[in-house]
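Student:
Number of protein chains: 2
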Amino acid sequence: MSYKDKKVITIGMVSELTGLTERKIRYYEERKLVFPERTPGGTRKYSFLDVERLIDIANKMEDGMQTFEIRKMEQKQLRKKEVRDRMLRGQLNAAFNLRK
Amino acid sequence: MSYKDKKVITIGMVSELTGLTERKIRYYEERKLVFPERTPGGTRKYSFLDVERLIDIANKMEDGMQTFEIRKMEQKQLRKKEVRDRMLRGQLNAAFNLRK
DNA sequence: CGTGTAAGGAATTCTGACACG
DNA sequence: CGTGTAAGGAATTCTGACACG
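Written as structure tokens, this is what we have:
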């Protein structure tokens, strides 16, 4: 994976990068919206992608959306993406089979 | 700048990513080979570019190079790069002037 | 439900120094 | 010169709980 996906940022930096309090960031994890890794000592580690996701979450919260709605929305988009990927792969396979 | 240049990684993670001890990482800073930023509290923050640079430094150290040699070598490469950039910019300007 | 806060403890990092070679 | 280590302190993070609404 790219640097964007490497979980290397502590919660203090994430707080600075997103403008969110640490309390909020931990709460969104409790609500299954972000999934940091942990050091052996238990310290949370986030990726830049997590930072982007948190900013997106913050915007949706400002719009009055609730955490469970955001979670469902993300799951829905994930499923859409999977469908798209499957179709794309199918077309690529079809094109490939025509060639041989 | 890109994510690669954002100083967000603590020394513990850098140690893990590079395989270097924290002692070595701090020493290479003392010898002016890397330049982390600091939080208000004084904690060092590195970028992925710093991590790459440290891996490069580690390789050169293994080859028996000394810190001051590595520093000079990097300065030399920086100057070369500046010359290249200046030439490139000059050629672009020339091409642009021909057009108008 | 979402978030602030005080509490106590544990993990992380910092500096300056001594040691060895 | 480059690096390990023990020392003491400070900054950072963690969890569980109480509070408010």
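First to last, the protein sequences are chains F and Y. Under our numbering, the residues of the first sequence are numbered 133 to 232, in order. Under our numbering, the residues of the second sequence are numbered 133 to 232, in order. Where is the CB? At the ideal position from N, CA and C, for every residue including glycine.
If we call anything under 7 Å between Cβ atoms a contact, is Lys156 of chain Y one with Arg203 of chain Y?
Tutor: Working through the second sequence from its first residue, we reach residue 156 of chain Y at position 24. Working through the second sequence from its first residue, we reach residue 203 of chain Y at position 71. No. Outside cutoff.
Student: Which residues of chain Y have a Cβ atom closer than 7 Å to the Cβ of Ile187 of chain F, listed in chain order?
Tutor: In the first sequence, counting from the first residue as 1, residue 187 of chain F sits at position 55. In chain order: nothing, as chain Y lies at least about 14 Å away.
Student: Around the Cβ of Leu210 of chain Y, are there at least 16 other Cβ atoms within 10 angstroms (buried) or fewer (exposed)?
Tutor: Position 78 of the second sequence, counting from 1, holds the residue named residue 210 of chain Y. When all chains shown are included, Leu210 of chain Y counts as exposed.
Student: Name the residues in the stretch 145-161 of chain F whose C-beta lies less than 9 Å from a C-beta of chain Y; which are they?
Tutor: Met145, Val146, Glu148, Leu149
Student: Can you pull the DSSP bridge partners for Lys177 of chain Y?
Tutor: Locating residue 177 of chain Y in the second sequence gives position 45, where the first residue counts as 1. Per DSSP, Y:Glu169.
Student: What residues match up with Ile143 of chain F in a beta bridge as DSSP calls it?
Tutor: The count along the first sequence starts at 1 and reaches residue 143 of chain F at position 11. Paired residue(s): none; Ile143 of chain F is not in a bridge.
Student: Quick one, are the C-beta atoms of Glu184 of chain Y and Lys177 of chain Y less than 7 Å apart?
Tutor: The residue given as residue 184 of chain Y occupies position 52 in the second sequence. The residue given as residue 177 of chain Y occupies position 45 in the second sequence. Result no, Cβ atoms of Glu184 of chain Y and Lys177 of chain Y do not sit closer than 7 Å.
Student: Between Lys192 of chain Y and Leu186 of chain Y, what straight-line distance do the alpha-carbon atoms span, to the nearest angstrom?
Tutor: Here the question's residue 192 of chain Y lines up with position 60 in the second sequence. Here the question's residue 186 of chain Y lines up with position 54 in the second sequence. The straight-line gap from Cα to Cα measures roughly 10 Å.
Student: If you compare alpha carbons, which of F:Gln198, F:Met133, F:Asn229, F:Ser179 is closest to Tyr160 of chain F?
Tutor: Residue mapping note: residue 160 of chain F aligns to position 28 of the first sequence, counting from 1. The shortest Cα separation from Tyr160 of chain F among F:Gln198, F:Met133, F:Asn229, F:Ser179 belongs to F:Gln198.
Student: Give every residue of the same chain whose Cβ lies closer than 8 Å to the Cβ of Thr171 of chain Y, excluding the five residues on either side of it in the sequence, and list them in chain order.
Tutor: The residue labelled residue 171 of chain Y in the question sits at position 39 within the second sequence. Closer than 8 Å at the Cβ level, and outside the excluded window around Thr171 of chain Y, lie Lys177.
Student: Measure the alpha-carbon distance for Ile189 of chain F versus Asp217 of chain F and round it to whole angstroms.
Tutor: Translated into positions along the first sequence, residue 189 of chain F becomes position 57. Translated into positions along the first sequence, residue 217 of chain F becomes position 85. Rounded to the nearest angstrom, the gap between the Cα atoms of Ile189 of chain F and Asp217 of chain F is 24 Å.
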